[in-house]
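*Asks:* Converting from the sequence shown to the working numbering requires adding 1043 to each position, the first position being numbered 1. Heads up, the beta-carbon is just placed ideally off N, CA and C, and yes, glycines get one too. Model, not experiment: these values are computed from the prediction.
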Amino acid sequence: MTMRLVMLEQARSSVAFGVDHFLQEYPGVFLLAVGLVSAEPALTPGGLARNATQELHTVDLDDTFSMGSGERLIHSLHDHPLAGCAFFIPRTDPSPKTAGRKTECDLVIPDVSVSDRHCELRLMGGEMLVTDLSSTNGTMVNLQRLEPQVATPIEDEAILTVGRYSFQFFEAHSLYAAMQLLEQSR
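(1) Using the C-alpha atoms, what's the distance from M1167 back to V1080?
(2) Considering only residues of the stretch 1179–1229, which uninterrupted beta strand (DSSP E) runs meet the minimum length of 3 residues and lie entirely inside it, listed in chain order?
(3) Do you know offhand how far L1051's Cα is from V1173's?
(4) Looking only at DSSP bridge pairs, what is R1047 linked to?
(5) Can you tell me where the beta strand (DSSP E) holding F1065 begins and where it ends?
(6) How about R1160 and T1141: do their beta carbons lie closer than 8 Å?
(7) CA-CA distance, G1143 and V1184?
Given below as structure tokens:
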């Protein structure tokens, strides 16, 4: 099994059949695309960029741009190419999933702020673990940068930021509850 793209409308249609049906159809966890971090490439006037160790290097189209975001990160929902997408990981699949810019990744994020292989996600012992793979811009959980190469648990409804892209992590029952609230407010 692998990470599976589920359009939010598809998951919402399952809400009408009740929580048991939803949990049977989606026995696992979701990453819901929620926004872009407002940030600019950390470029100098001469076309050089600063890498993670703040050394200047020439920008190559295959490089990951270092990004600067000022003192606080602001999320924007507009222009998010993955908006409306949820990525489902079944509980029965303990294999690691990679998120990154390369097409070989399980979750492809097409942006220069994302490293080729940015982070790894793994369901283990009932919890989701996230490991930053020494990415240029780091991986954040609730805006706290993770230590590279250290598996860190992520809690239900936490925000995972990969480069400029943010995803909200949901256990299936929590996503069901959130979508049910949306349906009731219509």
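*Replies:* So, to answer that:
(1) 28 Å
(2) 1182–1184, 1195–1197, 1202–1205, 1208–1214
(3) Between L1051 and V1173, the C-alpha separation is close to 23 Å.
(4) F1131
(5) Counting along the chain, F1065 falls outside any beta strand (DSSP E), though it belongs to the alpha helix (DSSP H) covering 1062–1068.
(6) yes
(7) 16 Å
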